[in-house]
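S.K.:
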Amino acid sequence: VFDQAFSTGPNTPSSFPSLFTGSHPESYGQVSYGNLLEHRRPIAEILQNERYVTGAFHSNPYLSQIFGYNRGFDFFSDQCAEANGTRHSSIFNLLGRELIRSLHSQTPFAPFIRFLNKSIGILKRFENFFHFLMRYGIQAYSIYARASKVTEEAKKFITTHKEGKFFLWIHYMDPHTPLLPPPSYIEKIDGFEIRRKDCLELYRKQVSKKHDLSDHEIEKLKALYSAEIRYLDEEIGHLIEYLETNNLIGNTSIALTADHGEEFNEHGDLLHKEKLYDELLHVPLLVWDPDLKPKRIRTPVSLIDLSPTLLHLLDVEIPQEMQGHSLLPLIKGESRSRSKIISEVVHTERWNLPSSSIKIALREGQWKLIHNRVGKDELYNLKEEPKETVNLINEERQVARKMLKTLRQHLANRAPSKLQLKSKIKKKAQYVKTQYL
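First residue of the sequence shown: 2, per my numbering; consecutive thereafter.
(1) Using CA atoms only, rank isn't needed, just tell me which of Ser15, Thr9, Thr22, Asp4 is closest to Met323.
(2) Run the CB neighbour count on Val12, radius 10 Å, all protein chains shown included, and call it buried at 16 or more, exposed below.
(3) I need the DSSP call for Ser308, collapsed to helix, strand or coil.
(4) Between Leu96 and the rest of its own chain, which residues show a CB-CB distance below 6 Å, the 5 nearest in sequence each way excluded?
(5) Just how far apart, CA to CA, sit Ser418 and Tyr226?
(6) Is it a yes or a no for the segment 170–181 touching the segment 58–65, going by three-plus beta-carbon pairs under 8 Å?
(7) Measure the Cβ-Cβ separation of Gln399 and Glu385 and say whether it is below 9 Å.
(8) How would you call Thr160, buried or exposed, if buried means at least 16 neighbouring beta carbons within 10 angstroms?
(9) Assuming the contact rule is C-beta atoms closer than 8 Å, Ser303 and Arg337 should be a hit. Round their C-beta distance to whole Å, please.
(10) Distance, Cα to Cα, Arg231 vs Tyr186?
(11) Just list the residues that DSSP pairs Ala6 with in beta bridges.
(12) Compute the distance between the beta-carbons of Leu286 and Leu307, then report whether it is under 9 Å.
(13) Would you decide whether Pro18 is buried or exposed? Buried here means 16 or more other CB atoms lie within 10 Å of its CB.
(14) With DSSP as the reference, please indicate the residues paired to Leu271 in a beta bridge.
(15) So is Asn71 buried or exposed if we call it buried at 16+ other beta carbons inside 10 Å?
(16) Are there three or more Cβ pairs, one per stretch, closer than 8 Å when the segment 249–257 is compared with the segment 283–301?
(17) By the 10 Å Cβ neighbour count, where 16 or more other Cβ atoms means buried, how is Pro182 classified, buried or exposed?
(18) Quick one: what does DSSP say Ile47 is sitting in, helix, strand or coil?
(19) Have a look at Ser8 and Phe158 and give me their C-alpha separation to the nearest angstrom.
(20) Ignoring anything shorter than 4 residues, give me the alpha helix (DSSP H) runs that lie fully in the segment 152–208, in order along the chain.
(21) Thinking C-beta only, is Leu314 closer than 9 Å to Asp290?
(22) Please report how far the alpha carbon of Glu46 lies from the alpha carbon of Phe74, in whole angstroms.
(23) Tell me which residue opens and which closes the beta strand (DSSP E) that Asp79 is part of.
(24) Do Ala148 and Leu244 have their beta-carbon atoms positioned less than 9 Å apart in this structure?
(25) With H, G and I counted as helix, E and B as strand and the rest as coil, what does DSSP make of Ile342?
(26) Is His261 near Ser16, with beta carbons less than 9 Å apart?
(27) Would you decide whether Thr55 is buried or exposed? Buried here means 16 or more other CB atoms lie within 10 Å of its CB.
(28) What do you reckon, are the CB atoms on Val375 and Leu277 nearer than 9 Å?
(29) Given the structure, does Lys369 come close to the ligand MG, in the sense that its CB is under 8 Å from one of the ligand's heavy atoms?
(30) On the DSSP letters alone, give me the boundaries of the alpha helix (DSSP H) that Leu20 sits inside.
(31) Starting from Gly56, trace the beta strand (DSSP E) in both directions and tell me its first and last residue.
(32) In angstroms with no decimal places, state the Cα-to-Cα distance between Glu83 and Thr152.
(33) For His372, does the three-state DSSP call read helix, strand or coil?
(34) Is the beta carbon of Leu214 sitting closer than 9 Å to the one on Asn266?
(35) Quick one: residues in its chain with C-beta nearer than 7 Å to the C-beta of Arg297, no 5 flanking neighbours on either side, listed in chain order?
(36) Measure from the alpha carbon of Arg364 to the alpha carbon of each residue in Pro330, Phe76, Ala401, then state which is nearest.
Structural data, given as structure tokens:
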């Protein structure tokens, strides 16, 4: 168990490319880095080449095949449109996916969607329509598949492929807005009387720009978040029990983590927006293998190291292009953790719309620097003040200058070459020609 594990970004589009490929995003200032990088090999593709049967189960539109996350998977179950059986929800998901795709992707339609958003506010209209449905129309609406359904589908995959080697990725969405725990888990929330319609009203306030939530309502949101985690914990337990019942646990490696955290007004906001504070970056990380002894590790680690670690556990060669390192030596007590941890995000007002600005955080020892090209840099002493509320950028200028130099070198090393840019432009032009001309 890693007590100090940190994501490479505060939301799914900024963290998952690193999680799957063991590398940082290619460059900054681009429209989006939500797409899985073409020249980076995701772990599923690597294991597929090693003759593993690969399967994926998720219901997150940001992780759909639109963004390349089906690469390397023999079986890819995108359950977004299946989350709710109503016709309305299927239509709504299709509309939502197309907006997300156009806003995040380099498709020919992206500039048009952004123009509509700038001129008539199409994104806000879409959001208001969603709130209308949530409040007045589809009270039981959910855009994600429940953990119980995802777990059952994963069990079927295991049953089919248990005689051979398989790699299974499961992405649960239950501890995610809208927070709608099963009724039995809402009843278990201590100290609060919460009805299902209260959950929907809290969600409406949570996603509004006004954030007109009282302290008591924020505590209710935290309680709902905890209830979702307890529910998910039970479902993961069912999956582990299934592996044990089928005598698979003795030759199976398991990793459990999250791509980001959640903010509950620690820094004046809610959800998981483009910020780099620890409530969004600090995530659980558990790696289990029958040959490893149970151990708690308190030294900081990065999720960029997870894919190399799994490959190392499976005796599969780690590609040179992976910038992460295996955590196996650290687990065995043979080495220390990495000297620095970097997290980053494109800074945008909403939905990762285009911007030439970035936020990037560097953690070194007790210090954490947040470099922001739009606004003031921040420096925190995590040992003395872990809540990141006292900015020491003016008091500790020498520390800040040294860390900023490290960040600039990191960015310089990652800038794409002219050859890479030409190749990328050529591929995009060919794609447009074959698809639309």
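Note that CB positions come from ideal geometry on N, CA and C, so glycine has one too.
M.R.: On the basis of the data shown:
(1) Thr22
(2) In the sequence on display, residue 12 carries Asn and not Val. Asn12 comes out buried.
(3) helix
(4) Because the pLDDT of Leu96 is 49, which lies under 50, any placement of that residue in the model is unreliable, and the number read from its coordinates should be weighed accordingly. Counting only Cβ-Cβ distances below 6 Å, and skipping sequence neighbours, we find nothing.
(5) Residue placement at Ser418 is flagged as unreliable, the pLDDT there being 46, under the threshold of 50; the coordinate-derived value follows with that caveat. If I take the Cα positions, the gap works out to 44 Å.
(6) yes
(7) no
(8) exposed
(9) That pair is no contact at about 14 Å.
(10) 8 Å
(11) Val284, Val302
(12) yes
(13) buried
(14) Phe265
(15) buried
(16) yes
(17) buried
(18) helix
(19) 28 Å
(20) 184–188, 197–208
(21) yes
(22) 7 Å
(23) 76–79
(24) no
(25) strand
(26) yes
(27) buried
(28) no
(29) Looking at this structure, you won't find the ligand MG or any other ligand, since it has none at all.
(30) 13–22
(31) 54–59
(32) Low confidence applies here, because Glu83 scores a pLDDT of 46, under 50, leaving its location unreliable; read the following figure in that light. About 14 Å.
(33) strand
(34) yes
(35) Val2, Asp4
(36) Ala401
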